[in-house]
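So the structure is just underneath, and the comments pick up after that.
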Amino acid sequence: MIVAIDGPAGSGKSTVARALAAREGFVYLDTGAMYRAVTLKVLKAQVPVTETARVAKLAQEAVIEFVPGAPGEAPQVMLDGKDVTAAIRTAQIDQNVSAVASVPAVRQAMVAQQRAIAKNIDIVAEGRDMGTVVFPDAQVKVFLSADAAARAWRRTIEREGGNAAQPGAQVKDQALYESVLEDIQSRDAQDEANAASPLHPAADATLLDSTRMAPQQVVDAIANLVALAQARQAAIASDNAAASQPSAAEKDAPSQPASTQAAPGASGSDATKAKDAGATGAKAPKTKSGQAPMRPFHNTFDDYYDHGMREFPLPARCVFNVAAGLIYGFSRLYWPWDYEGGQQLIDELKERELGTVMVMNHVSMVEPVITVVMFWRQGLRIRPVFKQEFNKNDLMRWVFSRVGGIPVDRGTADLKAVRRCQRALKRGESILIYPEGTRIRDDDGKAPIHGGFALIAQMAKTDVTPSAVIGVRDVTPEGAHIPRPHRVHFKVGAPLKFGALGVKGRKAQLEAMEAKAMDKVFELRAQLRRDYPGEW
Ligand SMILES: Nc1ncnc2c1ncn2[C@@H]1O[C@H](COP(=O)(O)OP(=O)(O)OP(=O)(O)O)[C@@H](O)[C@H]1O
Ligand SMILES: Nc1ccn([C@H]2C[C@H](O)[C@@H](COP(=O)(O)O)O2)c(=O)n1
């Protein structure tokens, strides 16, 4: 996998790329260091940078190698067998590197070396033209920017021996800041005017503005893109593998221990067939999920995640129905809620076979509870996707599995979760996802969006339904442990179909869906806020 990070000087590319590579176990490639090393060679050979033929020859002859440092640390840069790590960071190199980097033959030589380094490895490569020229097929492309003032502020603190990423970091020398700002602005102009490879984002790059983000937040955001790209790759590989396998009907289904049990509530003949199958070793009947039926008791958590909710054993369904009924009644009185657009969605879902992927802003635990019982009351099932971390608590794990929750290991390519959601959607169950991943309680609280919902919908060939909620923050205000009574308002938008996005190509459609669905969520929330002023 190739992660390409581009952006202007001081936007945090090296900081973030190093940390990301350490976290993912990828190789880190600093391409700016390569241009700096060539510049050093040119200066040492006393060749004027204007003599482009001689400069190009030196670039072609340069042997540039990286010796990895400790994870997260900068690598050692070797030029023709010598350590030049410090020598390429001088003011003299800063002043000449842009001119050297703008010689087309120098770029050709560097691009060839960069592609050779990245061959067959997982790599995080940062520079100015990674996503546009060097790795146009990179699976993840990020264009990292920040205000020139913020970048100058960071660089000044760095030069003063501080760390701009530390809270409370201050610039000491205002004059130095002014001169760094001037330098940054002139480097921006040179990078953008570089005729051979002007600095601009690739059309399919994710734009990240780090002005108000800590490095760790930027790393988390890119790690989410990596996880998504890995899930996408794995999904395509497994689709291809499935296409080349005989269909389930063509092969004998492997017998599983639970498959000899009749599902509770199965008709007499079904039960007899199941018993017969167990006795004779013939194929056991499977449920709609293609799984062996669940047993009345002693099912694993995975059994709950893998089966349709209507295939849950009778005792579990009884508990769910009683609890859902009680919560429904209680919630209507305690948090009098309205679900604008909910009935249209339910009516549409009742008419069709596929469920929908519902996405919503996340403020408290109350909105998934209300949504699950609202669907239940209408005879439909919606399965909330929850973060795996909740499974550390045994009671929560039990409850979440019984209400149809599907755990997801965030930050990894959790293909298992994606597949479970895909199968649920195909059974007609819907999926409830909170792409912000965490509860957001004020307008400053922005979280990177987890785009996996679009992949799930795409794989199940269904749509994404945006929705929003307000009023919930006052149900569980900061520090409160017991939910308070308060009116809650939901609003559901029209389902968004991939075909109507006006974009071609699997990856482009995913990105368009992620952006459009989240725009819609926030638009619906803004509409609710206008309708109910003062509510959050
Ligand atoms: N998000 C951030 N918040 C605050 N400081 C940051 C952030 N990201 C990076 N920094 C700091 O800003 C400075 C510049 O970062 P870095 O060297 O990673 O930028 P860069 O984009 O690689 O620059 P260049 O292209 O010039 O090499 C460093 O001192 C780094 O610690
Ligand atoms: N892919 C790249 C990487 C870097 N450059 C230029 C831009 C700078 O002038 C110089 C040094 O880069 P830095 O170490 O500051 O990131 O190299 C480029 O043209 N293409």
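UniProt numbering numbers the first residue of the sequence shown as 1 and each following residue consecutively.
Beta carbons: idealized from backbone N, C-alpha and C, even for Gly.
With respect to 8 Å, is the separation between the Cβ of residue i and the closest non-hydrogen atom of ligand 2 below this value?
| i | result |
| --- | --- |
| residue 459 | no |
| residue 97 | yes |
| residue 49 | no |
| residue 42 | no |
| residue 185 | no |
| residue 127 | yes |
| residue 190 | yes |
| residue 305 | no |
| residue 28 | no |
| residue 363 | no |
| residue 197 | yes |
| residue 101 | yes |
| residue 78 | no |
| residue 34 | yes |
| residue 294 | no |
| residue 23 | no |
| residue 572 | There is no way to answer for residue 572, as the model of the chain reaches only from 1 to 536. |
| residue 537 | Given that the chain is displayed from residue 1 to residue 536, the structure contains no residue 537 and the question cannot be resolved. |
| residue 134 | yes |
| residue 194 | yes |
| residue 358 | no |
| residue 110 | yes |
| residue 130 | yes |
Taking the alpha carbon of residue i as the reference point, which residue from the options has its own alpha carbon closest?
| i | options | result |
| --- | --- | --- |
| residue 20 | 125, 392, 232, 78 | 125 |
| residue 352 | 373, 308, 430, 396 | 430 |
| residue 115 | 191, 457, 2, 168 | 2 |
| residue 516 | 534, 465, 381 | 465 |
| residue 395 | 301, 473, 492, 187 | 301 |
| residue 84 | 112, 113, 40 | 40 |
| residue 375 | 320, 417, 393, 422 | 320 |
| residue 25 | 89, 69, 50 | 69 |
| residue 36 | 219, 16, 127, 122 | 127 |
| residue 8 | 130, 337, 436 | 130 |
| residue 416 | 437, 398, 455 | 455 |
| residue 523 | 480, 484, 468 | 468 |
| residue 382 | 401, 393, 390, 459 | 401 |
| residue 373 | 450, 304, 330, 146 | 330 |
| residue 186 | 227, 315, 152, 332 | 152 |
| residue 188 | 335, 527, 146, 203 | 146 |
| residue 350 | 180, 324, 328, 378 | 378 |
| residue 236 | 479, 460, 161 | 460 |
| residue 335 | 470, 305, 355 | 470 |
| residue 518 | 72, 529, 495 | 495 |
| residue 172 | 158, 184, 182 | 158 |
| residue 418 | 234, 497, 323, 448 | 234 |
Ordered along the chain, which non-local residues of its own chain (more than five positions away) have a Cβ less than 6 Å from that of residue i?
| i | result |
| --- | --- |
| residue 384 | 368, 405, 432 |
| residue 512 | 501, 503 |
| residue 135 | 2, 4 |
| residue 34 | 64, 110 |
| residue 264 | Bear in mind that a pLDDT of 31 at residue 264, under 50, signals an unreliable position, so the model cannot answer this. |
| residue 370 | 331, 337 |
| residue 531 | none |
Since residue i is in the beta strand (DSSP E), which residue starts that stretch and which ends it?
| i | result |
| --- | --- |
| residue 490 | 488–492 |
| residue 78 | 76–79 |
| residue 337 | 337–340 |
| residue 360 | 357–360 |
| residue 206 | 206–209 |
| residue 383 | 382–387 |
| residue 66 | 64–67 |
Go through its chain and collect everything with a Cβ distance to residue i's Cβ below 7 Å, but skip five positions before and after it.
| i | result |
| --- | --- |
| residue 106 | 38, 55, 56, 59, 100 |
| residue 45 | 58 |
| residue 439 | 362, 363, 364 |
| residue 17 | 5, 28, 124, 126 |
Between which two residues does the alpha helix (DSSP H) holding residue i run?
| i | result |
| --- | --- |
| residue 316 | 314–334 |
| residue 150 | 148–159 |
| residue 44 | 31–44 |
| residue 368 | 366–377 |
| residue 98 | 91–101 |
| residue 306 | 301–306 |
| residue 394 | 394–402 |
| residue 519 | 506–531 |
| residue 546 | The chain is shown from 1 up to 536; residue 546 falls before or after that span and cannot be answered. |
For residue i, which residues of its own chain have a beta-carbon under 8 Å away from its beta-carbon, when the five flanking residues on both sides are left out?
| i | result |
| --- | --- |
| residue 89 | 36 |
| residue 214 | 165 |
Practice problem: Collect the residues with a C-beta less than 6 Å away from any heavy atom of ligand 1 and give them in sequence order along the chain. | Solution: 7, 9, 10, 11, 12, 13, 14, 15, 32, 154, 155, 158, 163, 164, 165, 210, 213, 214, 215, 218
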